[in-house]
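Visitor: First, the structure itself, so that you have it in front of you.
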Amino acid sequence: MKNNILFSKKSFFFIFLFFFSLLINQYYANRGIFPIDSFLVFDAAYNVISGNHPFRDYWLITGPFLDYIQAFFFLIFGVNWFSYVLHASLLNMALTLFSFYFFLKIGVNNFYAFIYSLGVSILAYPPIGTPFIDSHSIIFCIMSLYSLSLGILLKKNLFWFLTPIFLVFSFFSKQIPSPYITLLFFIVTVICFFFIKNITKKNLLYLLSGIIFSFILILSIFLINQIPAKNFLIQYIFYPFSLGEERINKFNFDFKNLVAQFKFIYFALIPLVIATFFLFRKNKNINENNEFIVSLIFLISVVIFIYTQLLTKNQVFIFFLIPIAAAYSQAYVVKYFNKKYLIYFILIIFIFSTTKYHIRFNHHKKFMELANVNFNLAEDASKLDKRLSGLKWITPHYPENPKYEINLLIDIKNFLLAINEEKIIITDYQFFSSILDNKFASPNKWYDGLSIPSKQSKYYKFHKDFFLKKIKTDKIKYMYFIGKKKHTMNFFHEMTFENGCIVVKNINELLTEFNLNQCDEIL
Numbered sequence: 267m268k269n270n271i272l273f274s275k276k277s278f279f280f281i282f283l284f285f286f287s288l289l290i291n292q293y294y295a296n297r298g299i300f301p302i303d304s305f306l307v308f309d310a311a312y313n314v315i316s317g318n319h320p321f322r323d324y325w326l327i328t329g330p331f332l333d334y335i336q337a338f339f340f341l342i343f344g345v346n347w348f349s350y351v352l353h354a355s356l357l358n359m360a361l362t363l364f365s366f367y368f369f370l371k372i373g374v375n376n377f378y379a380f381i382y383s384l385g386v387s388i389l390a391y392p393p394i395g396t397p398f399i400d401s402h403s404i405i406f407c408i409m410s411l412y413s414l415s416l417g418i419l420l421k422k423n424l425f426w427f428l429t430p431i432f433l434v435f436s437f438f439s440k441q442i443p444s445p446y447i448t449l450l451f452f453i454v455t456v457i458c459f460f461f462i463k464n465i466t467k468k469n470l471l472y473l474l475s476g477i478i479f480s481f482i483l484i485l486s487i488f489l490i491n492q493i494p495a496k497n498f499l500i501q502y503i504f505y506p507f508s509l510g511e512e513r514i515n516k517f518n519f520d521f522k523n524l525v526a527q528f529k530f531i532y533f534a535l536i537p538l539v540i541a542t543f544f545l546f547r548k549n550k551n552i553n554e555n556n557e558f559i560v561s562l563i564f565l566i567s568v569v570i571f572i573y574t575q576l577l578t579k580n581q582v583f584i585f586f587l588i589p590i591a592a593a594y595s596q597a598y599v600v601k602y603f604n605k606k607y608l609i610y611f612i613l614i615i616f617i618f619s620t621t622k623y624h625i626r627f628n629h630h631k632k633f634m635e636l637a638n639v640n641f642n643l644a645e646d647a648s649k650l651d652k653r654l655s656g657l658k659w660i661t662p663h664y665p666e667n668p669k670y671e672i673n674l675l676i677d678i679k680n681f682l683l684a685i686n687e688e689k690i691i692i693t694d695y696q697f698f699s700s701i702l703d704n705k706f707a708s709p710n711k712w713y714d715g716l717s718i719p720s721k722q723s724k725y726y727k728f729h730k731d732f733f734l735k736k737i738k739t740d741k742i743k744y745m746y747f748i749g750k751k752k753h754t755m756n757f758f759h760e761m762t763f764e765n766g767c768i769v770v771k772n773i774n775e776l777l778t779e780f781n782l783n784q785c786d787e788i789l
């Protein structure tokens, strides 16, 4: 009877988390946008289903995994805002349910596993809402962390098989933090196999099978879509590595960056650190202490996540580590100390920080630069196009007059629909190719100071040749830039055509036309 009650309670928690993690992301994704981040994958996925592929047809320095997965969602559910957000919502759900399962397996009871998983669902994807490279990358790393830990604790080969798959998904979402996590896992696996001997040859066989499966999957995508290996290496490995090397050299360790903004993550980890220390002192024979190894893997992983978060120089998006750290801490405190004051400390940190960051990042949309806007002014985005139905349009560009921004974009849409010549669209509003059914992919996935090599970069010429070849191959007659003029002209300054053949015309305050008909050098 008791087992039936427990099963029913666990099932209820599982079903609740399933729907809550989906719906909370669907809701907050519809409340305002930051165009360059919110639409980063929208047109890219449309490009894929139109026959244009990353590295081959458009320059890409971040992971192609999101483009292909979103293309699949578009094929199944249609090219629309709902299916776009659903992609992120399902990953939020997958992380939440995996967290619930993992928390139970490390010893957290049903109720606390439920509330900590609830915290994960609130803080993981809803601050961004739409598919986002950084979020995908770290979420898959955490799933690989869960999988490796369960492989060690439960001796189940399935988790050994899944671990490298999650890491590959992470790497092809964004280059970091997966290489650091992979190195950590490699060291742990070698030590466990050769010295501690708590990993069997069968475990390693499944691990190798996961690696081979991942390799075949990626190789198949490259071969089927004829993606040149050289393009991939330059765009995704060598050029981004040069940017990362520069950031690492300029990395500044200061109190605010390293400590203050992550303080609640550290607070949530304190009981786990104490428990791990005393666990090691109590039983130094770690041959018999897999819990110590699992704890150590997590603590080192958190250091890696914080370090790579600082390297991105982006808004902090890893606060969902707080409920995960709280769950780890509670599991170890209950198992090895059972001190109520430590449990109360964990709960206070968890509840306060989850509420705080929910209000700041979900309700006020700080990550989307919308902290001070009046959401009551938001416009129905279906006025711009029915495919954006469900989105309440308000952006940092026109926070006090989203209706004016919508009207500008409607004018641009109507203007471009009347242009029958071959054209490419370059913009932060990366949905125009989709709503115009424009089959010509822009030579770049997006345009900013990082995605385009500067003239000082040794990859500048390679990028320019790639850009001009794309225009020539597709016989492009017009380029249309949609966005603020400063942003437009800064890009164009980097892509100067030597003979000054381009005729520039301002259509409205957001739209600039570049007529290439006189450019013999590329046409």
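Counting from 267, one number per residue, gives the positions in the sequence shown under the numbering used here.
Using N, Cα and C, we set each Cβ at its ideal position, and we do this for glycine too.
How close, in whole Å, do the beta carbons of H319 and I335 come, if the pair is a contact with beta carbons under 8 Å?
Guide: Between I335 and H319 the Cβ distance is about 14 Å, and since that is not below 8 Å, they are no contact.
Visitor: For N553, I'd like the list of residues in its chain whose CB is within less than 6 Å of its CB, leaving aside the five on either flank, ordered along the chain.
Guide: The predicted model places N553 with a pLDDT of 48, which falls under 50 and marks its position as unreliable, so this point remains unresolved.
Visitor: Would you mind stating whether K711 and Y391 have Cβ atoms separated by less than 9 Å?
Guide: no
Visitor: Give the range of the alpha helix (DSSP H) segment to which V639 is assigned.
Guide: No alpha helix (DSSP H) holds V639; DSSP gives it neither H nor E.
Visitor: If you measure between the beta carbons of F343 and A311, is that distance less than 9 Å?
Guide: no
Visitor: Near K276, which residues of its chain fall below 7 Å by C-beta distance, leaving aside the five closest residues on each side in sequence?
Guide: N376
Visitor: Indicate the three-state DSSP secondary structure (helix, strand or coil) for K658 in the structure shown.
Guide: strand
Visitor: For L776, which three-state DSSP category applies?
Guide: coil
Visitor: Just verifying my parser: in three-state terms, what is the DSSP assignment at V374?
Guide: The answer is coil: DSSP assigns V374 none of H, G, I, E or B.
Visitor: What's the gap between the Cα of L424 and the Cα of F488?
Guide: 27 Å
Visitor: Exposed or buried, what is P393 when buried is set at 16 or more other beta-carbons lying within 10 Å of its beta-carbon?
Guide: buried
Visitor: For the stretch 514 to 524 and the stretch 571 to 578, state whether three or more C-beta atom pairs, one from each stretch, are separated by less than 8 Å.
Guide: At 8 Å Cβ cutoff, the stretches touch.
Visitor: Using DSSP with H/G/I as helix, E/B as strand and the rest coil, what is S277?
Guide: helix
Visitor: Which residues in the same chain have their Cβ closer than 6 Å to the Cβ of P665, if we skip the five residues on either side of it in sequence?
Guide: V639
Visitor: What residue range does the alpha helix (DSSP H) around I672 cover?
Guide: Run containing I672: 668 to 683, per the alpha helix (DSSP H) assignment.
Visitor: Measuring alpha carbon to alpha carbon, tell me which of L370, F285, K440 ends up nearest L577.
Guide: K440
Visitor: So what's W712 in DSSP terms, helix, strand or just coil?
Guide: coil
Visitor: In chain order, which alpha helix (DSSP H) runs of at least 4 residues are fully inside the stretch 318 to 369?
Guide: As far as the stretch 318 to 369 is concerned, its whole alpha helix (DSSP H) runs of at least 4 residues are 331 to 343.
Visitor: Starting from F452, trace the beta strand (DSSP E) both ways and give me its first and last residue.
Guide: Where F452 is concerned, there is no enclosing beta strand (DSSP E), although the alpha helix (DSSP H) it sits in stretches over 444 to 457.
Visitor: Take every Cβ of the stretch 678 to 685, pair it with every Cβ of the stretch 730 to 740, and state whether three or more of those distances are shorter than 8 Å.
Guide: Between the stretch 678 to 685 and the stretch 730 to 740, the count of Cβ pairs shorter than 8 Å is below three; the stretches do not touch.
Visitor: Assign Q784 to buried or exposed, taking buried as 16 or more other Cβ atoms, counted over all protein chains shown, within 10 Å of its Cβ.
Guide: exposed
Visitor: Just verifying my parser: in three-state terms, what is the DSSP assignment at F546?
Guide: helix
Visitor: Leaving out the 5 sequence neighbours to the left and right, which residues in its chain are closer than 6 Å to K771 when beta-carbon positions are compared?
Guide: Within the same chain, K771 has close Cβ partners E779.
Visitor: For K771, which of helix, strand or coil comes out of DSSP?
Guide: strand
Visitor: Please tell me whether F437 and S403 are closer than 9 Å, where the distance is taken between their beta carbons.
Guide: yes
Visitor: Apart from the five residues just before and just after L613, which ones in its own chain have a Cβ nearer than 7 Å to its Cβ?
Guide: none
Visitor: Hey, is the stretch 402 to 418 in contact with the stretch 650 to 665, meaning 3+ C-beta pairs nearer than 8 Å?
Guide: no
Visitor: If you draw a straight line from the alpha carbon of I563 to that of L470, how long is it in whole angstroms?
Guide: 18 Å
Visitor: Compare the C-alpha of I690 against each of S723, L777, L643 and name the closest.
Guide: L777
Visitor: With the cut-off set at 9 Å, would you say P719 and Y726 are in Cβ contact?
Guide: yes
Visitor: Give the range of the beta strand (DSSP E) segment to which K743 is assigned.
Guide: Unbroken run through K743: none, as it is neither H nor E.
Visitor: Rounded to whole angstroms, what's the CA-CA distance from K738 to E688? Just pull it up for me.
Guide: 11 Å
Visitor: Throw me the rounded Cβ distance for the A597 and I372 pair, which I believe falls under 8 Å.
Guide: 4 Å
Visitor: Taking the CB atoms as reference points, tell me whether M359 and F282 lie closer together than 9 Å.
Guide: When the beta-carbon positions are compared, M359 and F282 stay at least 9 Å from each other.
Visitor: Buried or exposed, going by whether 16 or more other CB atoms sit within 10 Å of the CB of F544?
Guide: exposed
Visitor: In terms of residue numbering, what span does the beta strand (DSSP E) encompassing K689 cover?
Guide: 689 to 693
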